[in-house]
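Student: Residue numbers (the UniProt record's numbering), protein chains in the order written: chain A, 1 to 161; chain B, 1 to 161.
2 protein chains.
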Amino acid sequence: MTSDPACTELPSAARGGPVSHAVSRVARLHRIAAGKLLKGAGLYPGQEFLMMYLWDAGAVRQSEVIKAVDLDPSTVTKMLQRLEQSGHVRRSPDPADRRAVLVEATDNSCALLSDVERAWTSLEEHTLAGLDTGERKELARLLARVEENLCRETADCPENR
Amino acid sequence: MTSDPACTELPSAARGGPVSHAVSRVARLHRIAAGKLLKGAGLYPGQEFLMMYLWDAGAVRQSEVIKAVDLDPSTVTKMLQRLEQSGHVRRSPDPADRRAVLVEATDNSCALLSDVERAWTSLEEHTLAGLDTGERKELARLLARVEENLCRETADCPENR
DNA sequence: GCGCATTACTTGGCCGACCAAGGTAAAGTT
DNA sequence: AACTTTACCTTGGTCGGCCAAGTAATGCGC
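(1) Can you list the residues of chain B that Glu124(A) reaches, using a CB-CB cut of under 7 Å?
(2) I'd like to know if Cys151(A) contacts chain B, where contact means its C-beta is closer than 8 Å to some C-beta of that chain.
(3) CB-CB under 6 Å to Thr121(A), same chain, minus the five flanking residues each way: which ones, in chain order?
(4) Count Cβ pairs between the segment 137-148 of chain B and the segment 131-146 of chain A that sit closer than 8 Å; are there 3 or more?
(5) Which residue wins for smallest C-alpha separation from Asp94(A), given the options His88(A), Ala14(A) and Glu104(A)?
(6) Compute the distance between the beta-carbons of His30(A) and Leu150(B), then report whether it is under 8 Å.
(7) Please report the distance separating the alpha-carbon of Ser114(A) from that of Gly16(A).
(8) Arg25(A) CB to nearest chain B CB: under 8 Å?
(9) Taking three-plus beta-carbon pairs below 8 Å as touching, is the segment 54-72 of chain A in contact with the segment 17-24 of chain B?
(10) In chain order, what residues of the same chain have a beta carbon less than 8 Å from the beta carbon of residue 171(B), not counting five sequence neighbours either side?
(11) Interface residues of chain B around Val76(A) at Cβ under 8 Å?
(12) Indicate whether Arg61(A) and Leu10(A) have their beta-carbon atoms separated by less than 8 Å.
(13) Does the beta-carbon distance from Ala41(B) to Val116(B) come in below 8 Å?
(14) When the Cα of Gly130(A) is compared with those of Gly87(B), Leu123(B) and Arg152(B), which residue comes out closest?
(15) Which chain B residues are close to Ser12(A), counting only those with a beta carbon under 7 Å from its beta carbon?
(16) Consult DSSP for Glu9(A) and reduce its assignment to one of helix, strand or coil.
(17) Terminal residues of the continuous beta strand (DSSP E) containing Arg152(B)?
(18) Would you kindly check if the distance between the Cβ of Ala27(A) and the Cβ of Ala27(B) is under 8 Å?
(19) Is it buried or exposed for Gln47(B), if we count other Cβ within 10 angstroms and need 16 for buried?
(20) For Thr75(B), does the count of other Cβ atoms within 10 angstroms reach 16, so buried, or fall short, so exposed?
(21) Quick one: is Gly119(B) buried, meaning 16 or more other Cβ sit within 10 Å of its Cβ, or exposed?
(22) Can the beta-carbon of Thr77(B) be found closer than 8 Å to that of Val89(B)?
(23) Have a look at the DSSP bridge pairing and note the partners of Glu104(A).
(24) Run through DSSP, which three-state label would Arg61(A) get?
(25) My parser needs the alpha helix (DSSP H) runs of 4 or more residues fully inside the segment 9-58 of chain B; what are they?
(26) Do the CB positions of Ser109(B) and Met52(B) come within less than 8 Å of each other?
(27) Quick one: what does DSSP say Gly134(A) is sitting in, helix, strand or coil?
(28) Is there a C-beta anywhere in chain B that falls below 8 Å from the one on His88(A)?
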């Protein structure tokens, strides 16, 4: 009676893929939680990854960003336009290649780094609450396996580094 | 050297939340994979859940759908409008309550049920390839725990059934 | 040097998903 | 019966994300 996993009864058409269903639900909840924590920093869910990369990488070509976050180029373009408008990012033409665009986190945005770091570890703790170290490691391991699986044949992960 | 989990180096700002990062990546890859499998059935990623519920539930109020898939009402409205346009769903005013709308999967869409079922189990297999039964059960268990955690305080799961 | 493929981004369109606000109808209160 | 609250959806706007197609510059082969 009270034994169903979490919140929802599984639709019968999804019986063949309970884990997939769980992944979808967890993904959405996780994204929402991340969004709430990141809202304080003025970031929308998804933008964190881009900024995290830029904070590490410094001034860099947009193509590098695209490779790093592994999103559609058009997605990155639009995200960067918005991040530029909101003052988190500076873009400038690459003098060495007139097609390319150099991207860089603004000094302003760097002030958010620690906020985002805190938010991210807080999210992790919220996500993994009640799991001991062994379980966390196991979950990380299993997710890594799953990620590998999903990369294969989907051909979304660069085979060539 | 070749020991990093999957495809990507973790940004330093995300060091405090490796599992969260993995969840995000897996979520996106999983959604993409689902989308590819479901494209054959004429469904966009996300619509599966709605249709799965309707196939089980028959003619039902829109508010029931909203509760079941646990999405924003406005999201459901728009999805249903599109699903109606594409012929997967029929909507009609509820004679018993003039605010409400009754929703129902069309006969046409029911023909897709088996396709979606197959797609979903195929997705599951693709996702969990190489994991033995114990690992699968463990992953399911851990995901359920995580889901519980994310429901708390986010107050997105109905406390009240 | 010239043409052609490749690379690098942009634009437009579409969908899922959110929030904020609005409008209507039912239910509850007095 | 009139008023207020609550439930049920819709509309409009914004974002992340995808695809398809387009533009512009570079690089490569010849």
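C-beta: ideal position from N, C-alpha, C; glycine also.
Tutor: Looking at the coordinates:
(1) Think of a sphere of 7 Å around the beta carbon of Glu124(A): the chain B residues whose beta carbon falls inside it are Gly16, Gly17, Val19 and Ser20, in chain order.
(2) Closer than 8 Å: yes.
(3) Cβ neighbours of Thr121(A) beyond the five flanking positions: none.
(4) With the cut-off at 8 Å, the segment 137-148 of chain B and the segment 131-146 of chain A touch.
(5) Distance from the Cα of Asp94(A) is smallest, within the candidate group His88(A), Ala14(A) and Glu104(A), for Glu104(A).
(6) Taking 8 Å as the cut-off, the Cβ atoms of His30(A) and Leu150(B) count as close.
(7) One C-alpha to the other measures close to 43 Å.
(8) Yes, Arg25(A) counts as interfacial toward chain B.
(9) Flag = no, the segment 54-72 of chain A and the segment 17-24 of chain B do not touch.
(10) The requested residue 171(B) is not part of the displayed model; chain B covers only 1 to 161.
(11) In chain order: nothing, as chain B lies at least about 14 Å away.
(12) At a Cβ-Cβ threshold of 8 Å, Arg61(A) and Leu10(A) do not count as neighbours.
(13) Yes; because the gap between Cβ atoms is below 8 Å, this pair is in contact.
(14) Nearest C-alpha to Gly130(A): Arg152(B).
(15) One finds Asp56 in chain B with Cβ atoms closer than 7 Å to the Cβ of Ser12(A), taken in chain order.
(16) It is coil, neither helix nor strand.
(17) In this chain, Arg152(B) is not harboured by any beta strand (DSSP E), its DSSP state being neither H nor E.
(18) Yes. Within cutoff.
(19) Gln47(B) sits buried, since 16 or more C-beta atoms from the chains shown fall within 10 Å of its C-beta.
(20) When all chains shown are included, Thr75(B) counts as exposed.
(21) Position check: residue 119(B) holds Ala in this sequence, whereas Gly was assumed. Here Ala119(B) is buried, its C-beta having at least 16 other C-beta atoms within 10 Å.
(22) The answer is no: Cβ separation not under 8 Å.
(23) DSSP lists Arg90(A) as the bridge partner or partners of Glu104(A).
(24) Of the three classes helix, strand and coil, the one that applies to Arg61(A) here is strand, per DSSP.
(25) For the segment 9-58 of chain B, whole alpha helix (DSSP H) runs of length 4 or above, ordered along the chain, are 18-39 and 47-57.
(26) Ser109(B) is not a Cβ neighbour of Met52(B), given a cutoff of 8 Å.
(27) If DSSP states are grouped into helix, strand and coil, Gly134(A) belongs with the helices.
(28) For His88(A), the answer is no, since every Cβ of chain B falls outside 8 Å of its Cβ.
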